[in-house]
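J.: Okay, so the sequence shown: first residue is 1 according to the UniProt record's numbering, each after it adds one.
No residue lacks a Cβ here, since even glycine has one placed at the ideal position from N, Cα and C.
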Amino acid sequence: MSDLEDSILPPLKWLSDQNPPVPENIRDWLMELGSMTLRLKKYCTCLEVQQQRECFITRDKLKEEAEHLPKSTRYWLREVILMGDNKPWLLGRTVIPQETLLHNQTLMHLGTTPLGQYLFNSDKLTRDYIHIGQQGALWARRSRLRLTDRPLLLTELFLTDSPLYLQHT
């Protein structure tokens, strides 16, 4: 596999406190603590998931994501495009250590169900942090979530047509 085939996500630049401040309307979206799926659904009549890739990968395929997850023999990878009214709104990449799957095997069989729809129906979901990033003019976020106290990493890149870029958020 070439580097370009490793992920649907382009390389992202993760911001630190030294970076210029994020515009408040953008920050409000990126720091959303609830379900991004529910928030996006308010802006369309049809929100759908287009599956791009679901498979097990090894730690060497994680690159910088590895520093955010515990060592595991393998990880479940799910990459999707979230479409709002047939327009691509968000690229999503979820990496789940095998140990997290032991009590959450449904995560491997979500199909076209949005991840947030499953996660936010659990009373065992917590979030460790949200990191804000960019890819050119596009905004991204990375969250380490815990389901039944086991970690998973979710990275989301908001595409040009995403309602995140509307001024009246």
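Could you tell me if T94 is buried or exposed, where buried requires 16 or more neighbouring beta carbons within 10 angstroms of its beta carbon?
T.: In the sequence shown, the residue the question calls residue 94 occupies position 94. Buried: at least 16 other Cβ atoms inside 10 Å.
J.: Does the beta-carbon of G34 have 16 or more other beta-carbons within 10 angstroms, so that it is buried, or is it exposed?
T.: Counting from 1 along the sequence shown, the entry for residue 34 is found at position 34. Exposed: under 16 other Cβ atoms inside 10 Å.
J.: If you follow the alpha helix (DSSP H) that R39 is part of, which residue opens it and which one closes it?
T.: Taking the first residue of the sequence shown as position 1, residue 39 is located at position 39. It spans 36–41 - the alpha helix (DSSP H) in which R39 sits, taken as one unbroken run.
J.: Residues in its own chain within less than 8 angstroms of Q134 by CB, not counting five upstream and five downstream?
T.: Here residue 134 refers to the residue found at position 134 when the sequence shown is read from its first residue. Correct list, in chain order: L12, K13, L15, A140.
J.: Measure the C-alpha to C-alpha separation of L4 and E64 and round it to an integer number of angstroms.
T.: As a first step, residue 4 is located in the sequence shown; it is residue number 4 there, counting from the start. As a first step, residue 64 is located in the sequence shown; it is residue number 64 there, counting from the start. Confidence at L4 is low in this model, with a pLDDT of 37, below 50, so its placement is unreliable and the value that follows should be read with caution. For L4 and E64, the distance between alpha carbons rounds to 16 angstroms.
J.: For my contact list, L157 and L138 are in at a C-beta cut-off of 8 angstroms; report their separation, rounded to the angstrom.
T.: Numbered from 1 along the sequence shown, position 157 holds the residue referred to as residue 157. Numbered from 1 along the sequence shown, position 138 holds the residue referred to as residue 138. Indeed, because the Cβ distance is near 6 angstroms, the residues count as touching under 8 angstroms.
J.: Rounded to whole angstroms, what is the Cα-Cα separation between D123 and T160?
T.: On the sequence shown, position 123 is the one that residue 123 refers to. On the sequence shown, position 160 is the one that residue 160 refers to. Cα to Cα, the separation comes out at about 33 angstroms.
J.: Under three-state DSSP, which class holds E64?
T.: Here residue 64 refers to the residue found at position 64 when the sequence shown is read from its first residue. It is helical.
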